[in-house]
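Just so you know, the sequences run in chain order A and B.
Numbering of the first sequence is given in our numbering, commencing with residue 96 and proceeding in unit increments.
Numbering of the second sequence is given in our numbering, commencing with residue 10 and proceeding in unit increments.
I have placed the structure first, in the form of structure tokens, so that the comments after it can refer back to it.
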Amino acid sequence: GAGVSQTPSNKVTEKGKYVELRCDPISGHTALYWYRQSLGQGPEFLIYFQGTGAADDSGLPNDRFFAVRPEGSVSTLKIQRTERGDSAVYLCASSLRDRVVNEQFFGPGTRLTVL
Amino acid sequence: AQKITQTQPGMFVQEKEAVTLDCTYDTSDQSYGLFWYKQPSSGEMIFLIYQGSYDEQNATEGRYSLNFQKARKSANLVISASQLGDSAMYFCAMREGPSFGNEKLTFGTGTRLTIIP
């Protein structure tokens with residue numbers, strides 16, 4: 096079946112602009128996660144959704160970052176007033192949450208470049 | 010303190026040899042899970058293997074096995090009979106707390122594995 100998809104694959108924007116990154120999870124997966132991966136680092140947790148609600152947003156760096164999942168499927172990560180430090184690969188993952196392992200399945204990521 | 014430490018930034022291994030990628034972790038929780046992911050140059054994270062803190066046996070999945078030493082807080086990944094397609098970044102990650110309700114993964118900085126023909 097189809098895996099996690101993310102659009103766009105690449106996004107170049109100017110400092111101060113607003114961007115939206117989209118994630119389409121695996122069908123039937125109730126949990127959705129956003130991570131950010133800077134160059135040479137491992138992914139860093141941003142936010143986790145269970146259904147439509149954000150169950151844990153402790154990783155969002157500041158109030159310029161916001162994410163929604165209005166129908167419990169597709170999610171959008173929104174970044175206002177982008178800064179050069181926001182440049183990174185934004186990874187989305189989903190999981191079934193019905194097993195002890197509860198492994199997360201990742202998408203290919205969106206590479207965000209802020210000029 | 011780092012929650013996940015991977016001390017090998019890069020490794021070169023001859024094809025068909027076994028390789029061990031090191032991972033140590035730090036947590037005060039009794040219940041936790043340890044994961045290994047592979048990230049090829051395409052960028053997608055691929056789940057390899059999982060070890061729960063209460064699992065008595067070391068996890069195995071095909072050519073992958075996890076050498077879990079709880080007292081030392083280490084969870085090393087062993088890849089047997091390495092193949093050229095194993096060349097990638099490898100990340101160790103931890104979920105603190107039980108599976109449900111503690112969802113976020115904390116990742117290490119990764120090890121870049123290169124298999125030499």
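Yeah, the Cβ is synthetic: ideal placement off N, Cα and C, and Gly gets one too.
N-terminal and C-terminal residue of the beta strand (DSSP E) that residue i is part of
i	result
residue 73 of chain B	73–78
residue 11 of chain B	Here residue 11 of chain B belongs to no beta strand (DSSP E), and DSSP marks it neither H nor E.
residue 47 of chain B	41–48
residue 26 of chain B	Taken as a continuous stretch (DSSP letters only), residue 26 of chain B belongs to no beta strand (DSSP E), as it is neither H nor E.
residue 95 of chain B	Segment: none, residue 95 of chain B is in no beta strand (DSSP E) and carries neither H nor E.
residue 58 of chain B	55–61
residue 151 of chain A	148–151
residue 116 of chain A	114–119
residue 87 of chain B	83–88
residue 120 of chain B	120–125
residue 183 of chain A	183–190
residue 173 of chain A	170–174
residue 139 of chain A	139–145
residue 107 of chain A	105–108
residue 209 of chain A	205–209
residue 159 of chain A	Residue 159 of chain A -> no beta strand (DSSP E), and no H or E assigned at all.
Residue i CB to nearest heavy atom of the ligand HEM below 8 Å
i	result
residue 156 of chain A	Because no ligand of any kind appears in the structure shown, any question about the ligand HEM cannot be addressed here.
Chain A within 9 Å of residue i, Cβ atoms only
i	result
residue 113 of chain B	yes
residue 71 of chain B	no
residue 16 of chain B	no
residue 97 of chain B	no
residue 84 of chain B	no
residue 118 of chain B	yes
residue 100 of chain B	yes
residue 13 of chain B	yes
residue 104 of chain B	yes
CB contact check: residue i to chain B, cutoff 9 Å
i	result
residue 160 of chain A	no
residue 113 of chain A	no
residue 138 of chain A	yes
residue 107 of chain A	no
residue 122 of chain A	no
residue 184 of chain A	yes
residue 153 of chain A	yes
residue 148 of chain A	no
residue 167 of chain A	no
residue 135 of chain A	yes
residue 126 of chain A	yes
residue 175 of chain A	no
residue 98 of chain A	yes
Assigned exposure category for residue i - 16 Cβ within 10 Å defines buried
i	result
residue 128 of chain A	buried
residue 157 of chain A	exposed
residue 165 of chain A	exposed
residue 112 of chain A	exposed
residue 43 of chain B	buried
* Asked: What are the residues of the segment 186–205 of chain A that lie near chain B, defined by any Cβ-Cβ distance shorter than 9 Å?
  -> 186, 188, 190, 192, 194, 195, 196, 197, 198, 199, 200, 201, 202, 203 and 204
* Contact residues within the segment 20–31 of chain B, judged by C-beta distance below 9 Å to chain A -> none
* To do: Decide if the segment 76–93 of chain B is in contact with the segment 98–108 of chain A; the criterion is three or more beta carbon pairs, one per stretch, under 8 Å apart.
  => no
* Asked: Is the segment 116–131 of chain A close to the segment 169–185 of chain A, with three or more CB pairs under 8 Å?
  -> yes
* **Touch test, the segment 19–35 of chain B against the segment 58–70 of chain B, Cβ-Cβ under 8 Å, three pairs minimum** => no
* Asked: Within the chosen definition, does the segment 113–123 of chain B reach the segment 11–31 of chain B through at least 3 CB pairs nearer than 8 Å?
  -> yes
* Counting Cβ pairs, one atom from each stretch, are 3 or more of them under 8 Å apart for the segment 145–152 of chain A and the segment 171–181 of chain A? -> no
* To do: Give, in chain order, every residue of the segment 39–61 of chain B whose Cβ lies closer than 9 Å to some Cβ of chain A.
  => 42, 44, 46, 48, 51, 52, 53, 54, 55, 56, 59 and 61
* To do: Inspect the CB distances between the segment 46–63 of chain B and the segment 193–208 of chain A and report whether three or more fall short of 8 Å.
  => yes
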